[in-house]
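Each residue of the sequence shown is one higher than the last, beginning at -17 in this note's numbering.
Glycine included, every Cβ here is placed at the ideal spot set by N, Cα and C.
This structure is a prediction, so every number in the text was calculated from the model and none was measured.
Report on the following structure.
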Amino acid sequence: VDELAWYRGKRWTEQQKGTVEDRLVILLEYGRAFGVHVVLCTQTPTTEIVTTRIQAQLVQRIAFGTTDARVSNLILGGDSASRGYRTDRIGERPGVGILRHGGRHARLRCDLVDKATDLAALEQAVWPEPVRWPAPWDQP
């Protein structure tokens, strides 16, 4: 879900926001049970956008650079900032963030692939030889 704030914003009535939240919580609950990963993104991490009901369903959380310790705590949960996991101190380092899985935290670094040539180089590094999947008519 890209930009969760759009679905929870001021353009919707409280009833519509509640419906979106109810359905999102159901998706998160059942998705986890069936092995489906749901990725929620927002540039507006407030308790109005990411409610406690939604937060309770998010087992894994990733926070990149934030504005203050309060936002770090909202995204990562609990008192993460006071335990040294403050994403407001990351600064201008793109791709650097903190992952929280359950009660454990880890620092991480993500790479940015922004050009077709970079993507081709990445594919070559991961799959040096072209993959040829057998077609049903290739079988004896």
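- Membership of Leu22 in any beta strand (DSSP E) is not indicated, and neither H nor E is assigned to it by DSSP.
- Under the 10 Å beta carbon count, Ile80 is surrounded by 16 or more other beta carbons and is classified as buried.
- For Arg86, same chain residues with a beta-carbon under 7 angstroms away, outside a window of 5 residues either side, do not exist.
- Burial state of Ser64 is exposed, judged by a 10 Å Cβ sphere holding fewer than 16 other Cβ atoms.
- The C-beta distance from Gly66 to Arg82 rounds to 13 angstroms, too long to meet the 8 angstroms contact threshold.
- Going by DSSP, Gly17 is part of no alpha helix (DSSP H) at all; its letter is neither H nor E.
- Under the DSSP assignment, Ile72 falls outside any beta strand (DSSP E); it carries neither an H nor an E label.
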